[in-house]
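Working notes, structure below.
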Amino acid sequence: MMMYLFFFLSVTLLIYTLFIFNDERKQRIKRRLSFYMNNEQGMEHGSGWEQDGEDPALPKEGTKPPLWFAALPGRLIRPLWIGFKRSFRRSILGVKEAKIDLKLLQAGVPYGMTPFDYRLLQVSLCVVLPILGGAYGIMLKVSLGAELLLIAAGFLMAVFIPPLYLRGRIKKRAYLALRELPDVLDLLTVSLEAGLGFDSALSKLVSKKRGVLATEFGRCLEEIRLGKTRREALIGVRERIVLNEMRSLINSILQAEKLGIGLVQVLRVQSLEVRDQRKQRAEEAAMKAPIKILFPLVLFIFPSLFIILLGPVVIQFLETFGK
14 MMMYLFFFLS
24 VTLLIYTLFI
34 FNDERKQRIK
44 RRLSFYMNNE
54 QGMEHGSGWE
64 QDGEDPALPK
74 EGTKPPLWFA
84 ALPGRLIRPL
94 WIGFKRSFRR
104 SILGVKEAKI
114 DLKLLQAGVP
124 YGMTPFDYRL
134 LQVSLCVVLP
144 ILGGAYGIML
154 KVSLGAELLL
164 IAAGFLMAVF
174 IPPLYLRGRI
184 KKRAYLALRE
194 LPDVLDLLTV
204 SLEAGLGFDS
214 ALSKLVSKKR
224 GVLATEFGRC
234 LEEIRLGKTR
244 REALIGVRER
254 IVLNEMRSLI
264 NSILQAEKLG
274 IGLVQVLRVQ
284 SLEVRDQRKQ
294 RAEEAAMKAP
304 IKILFPLVLF
314 IFPSLFIILL
324 GPVVIQFLET
334 FGK
């Protein structure tokens, strides 16, 4: 009974922690918006964060603290938490943060996580899961070797679960993008043939479609409006979607712009290729279907048929020879 209670409390605390992260992310976004909207007024009064060295992403005096600060002695916890966040953020700066940020973008930024949140989640799991494994071992009264094995299993789960989760999200996102790609190419081709420019065609795509590609091209347009070149923005789309067909499309568009080739012809060829590849994938899946069906037939359907057909014969055989 105690084991089930402990498991329920662990799951409850994990869910509560996820809600805390989500609430803190929303409040951080609100603080950033408030800071940049009032930046000019604050600089006139000499209260800019560049002057006092305060990070705008961290809680400030006079702002509403997160929910979990309300349940704890905030005056004691808040300075320690701010110092920990700053030191932890400095420890992941540089190449490591860029790699984590790219992985999160490829996965669609699950739960709005930043590189700091992701690393903090990894460290928390590396602490919590081994402790839970050791606690379960003590409650089950296993031997010392088995308890060490549970602790090691918890540590390995903490190390491998976040990357595996990101990898699964990246694959799922690439699969959704692959399904959307033919329709997106058709819409872009029709828009260009109607006389729109490439940026206007992307705007039409973003307004008419919903999905992974529409989101990424919308981000591409925002980057172009903020000052990036079209080449840099398209390269960003290519890096955020891990898909060979998407990489081929972006390379073709960049090459056409460099050589002065019409984009309509390039997109029409790409659309035909993508549809041929989709047809080939469908045919391949149809050819694999009989082999995949063979395993449930052998394991589940054939034994049931044998029981129904041969069961009465076996029963009569046993009754006859039993007399």
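As numbered in our numbering, residues 14 to 336 make up the sequence shown, in order.
Glycine included, C-beta positions come from ideal geometry on N, C-alpha and C.
Does the Cβ of Y124 have 16 or more other Cβ atoms within 10 Å, making it buried, or fewer, making it exposed? Position 111 of the sequence shown, counted from the first residue, corresponds to residue 124. Its Cβ having fewer than 16 others within 10 Å, Y124 is exposed.
Can you list the alpha helix (DSSP H) stretches of 4 or more residues lying completely in the region 286-314, in chain order? If we require 4 residues or more, the region 286-314 turns out to have no alpha helix (DSSP H) run fully inside it.
Quick one: measure Cβ to Cβ for A190 and L201, integer angstroms, because I've assumed they're closer than 8 Å. Taking the sequence shown and counting its residues from 1, the one referred to as residue 190 is at position 177. Taking the sequence shown and counting its residues from 1, the one referred to as residue 201 is at position 188. Their Cβ separation, rounded to whole angstroms, is 14 Å, which puts A190 and L201 out of contact at 8 Å.
Please name the residue in R244, I113, V287 whose C-alpha comes closest to that of F129. Along the sequence shown, read from residue 1 onward, the residue named residue 129 stands at position 116. Looking at the Cα atoms, I113 is the closest of the given residues.
So, I164 versus G147, is the Cβ gap smaller than 7 Å? Residue 164 sits at position 151 when you count from the first residue of the sequence shown. Residue 147 sits at position 134 when you count from the first residue of the sequence shown. Yes, the pair counts as a contact, with Cβ atoms nearer than the cut-off.
Exposed or buried, what is F308 when buried is set at 16 or more other beta-carbons lying within 10 Å of its beta-carbon? Position 295 of the sequence shown holds residue 308. Classification of F308: exposed, given that the 10 Å Cβ count is below 16.
Local conformation of I28 per DSSP, three classes: Here the question's residue 28 lines up with position 15 in the sequence shown. Correct three-state label for I28: helix.
DSSP state of M126, grouped into three classes? By one-based count along the sequence shown, residue 126 stands at place 113. Of the three classes helix, strand and coil, the one that applies to M126 here is coil, per DSSP.
Report the residue from F211, L198, G231, I151 whose alpha carbon sits nearest the alpha carbon of L280. As a first step, residue 280 must be located in the sequence shown, where it is residue number 267. Among F211, L198, G231, I151, the Cα nearest to that of L280 belongs to L198.
Give the secondary structure of A120 by DSSP, where H, G and I count as helix, E and B as strand, and everything else as coil. Taking the first residue of the sequence shown as position 1, residue 120 is located at position 107. Three-state result, A120: coil.
If you check the beta carbons only, do I183 and V250 fall under 7 Å apart? Mapped onto the sequence shown, residue 183 falls at position 170. Mapped onto the sequence shown, residue 250 falls at position 237. Result no, Cβ atoms of I183 and V250 do not sit closer than 7 Å.
Residue environment, F230, which counts as buried when at least 16 other CB atoms sit within 10 Å: As a first step, residue 230 must be located in the sequence shown, where it is residue number 217. The residue is buried, with at least 16 neighbouring Cβ atoms inside 10 Å.
Assign A190 to one of three DSSP states: helix, strand, or coil. As a working note, residue 190 is residue 177 in the sequence shown. Annotated three-state conformation of A190 is helix, per DSSP.
Can A171 and L153 be called in contact, C-beta distance under 7 Å? For this step, residue 171 is matched to residue 158 along the sequence shown. For this step, residue 153 is matched to residue 140 along the sequence shown. No. Outside cutoff.
Of the listed residues D212, R243, R238, E193, nearest to E258 (C-alpha basis): Translated into positions along the sequence shown, residue 258 becomes position 245. Answer by Cα proximity: E193.
Cβ contact (3+ pairs, closer than 8 Å) linking the region 297-313 and the region 209-226: no
Report the option in L247, I151, V155, P195 whose CA atom is closest to the CA atom of K222. Here residue 222 corresponds to residue number 209 of the sequence shown, with the count starting at 1. The shortest C-alpha separation from K222 is found at P195.
Alpha carbon of L247 to alpha carbon of L218, nearest angstrom: Here the question's residue 247 lines up with position 234 in the sequence shown. Here the question's residue 218 lines up with position 205 in the sequence shown. In this model, L247 and L218 are separated by some 15 Å (Cα to Cα).
Run the CB neighbour count on V326, radius 10 Å, all protein chains shown included, and call it buried at 16 or more, exposed below. Within the sequence shown, numbered from 1, the residue matching residue 326 stands at position 313. Its Cβ having fewer than 16 others within 10 Å, V326 is exposed.
For R41 and E245, I'd like the C-alpha separation in whole angstroms. Counting from 1 along the sequence shown, the entry for residue 41 is found at position 28. Counting from 1 along the sequence shown, the entry for residue 245 is found at position 232. Each residue's Cα considered, the two are about 28 Å apart.
At which residues does the alpha helix (DSSP H) containing V225 begin and terminate? For the purposes of this step, residue 225 is taken as residue 212 along the sequence shown, with counting starting at 1. That run of the alpha helix (DSSP H) goes 225-238.
Which term fits I274, buried or exposed, when burial requires 16 or more other beta carbons within 10 angstroms of its beta carbon? Walking along the sequence shown from the start, residue 274 turns up at place 261. I274 comes out exposed.
Go ahead and pull the three-state DSSP assignment for L209. As a first step, residue 209 is located in the sequence shown; it is residue number 196 there, counting from the start. Secondary structure at L209: coil, using DSSP grouped into helix, strand and coil.
If I follow the unbroken alpha helix (DSSP H) through I274, where does it start and stop? Position 261 of the sequence shown, counting from 1, holds the residue named residue 274. That residue, I274, is in no alpha helix (DSSP H); it is neither H nor E in DSSP.
Go ahead and label Q283 buried or exposed: buried means 16 or more other beta carbons lie within 10 angstroms of its beta carbon, across all protein chains shown. In the sequence shown, the residue the question calls residue 283 occupies position 270. Its Cβ being crowded by 16 or more others within 10 Å, Q283 is buried.
Out of curiosity, what's the CA-to-CA distance linking I144 and G167? Stepping through the sequence shown from its first residue, residue 144 is reached at position 131. Stepping through the sequence shown from its first residue, residue 167 is reached at position 154. Spanning the two alpha carbons is a distance of roughly 8 Å.
Looking at V225: is its Cβ nearer than 7 Å to the Cβ of R186? The residue given as residue 225 occupies position 212 in the sequence shown. The residue given as residue 186 occupies position 173 in the sequence shown. For V225 and R186, yes; Cβs fall inside 7 Å.
Nearest residue (CA-CA) to R253, options T228, Q268, L161: Your numbering for residue 253 matches position 240 in the sequence shown. The shortest C-alpha separation from R253 is found at T228.
Taking V136 as the reference, which of P176, L285, L157 has the closest Cα? The residue you call residue 136 lines up with position 123 of the sequence shown. When each option's Cα is compared against that of V136, the closest is P176.
Quick one: is S156 buried, meaning 16 or more other Cβ sit within 10 Å of its Cβ, or exposed? Residue numbering aside, residue 156 sits at position 143 when the sequence shown is read from its first letter. By the 10 Å Cβ count, S156 comes out exposed.
Beta-carbon gap between A111 and L179 smaller than 7 Å: The count along the sequence shown starts at 1 and reaches residue 111 at position 98. The count along the sequence shown starts at 1 and reaches residue 179 at position 166. It is not a contact, given that the beta carbons lie outside the stated cut-off.
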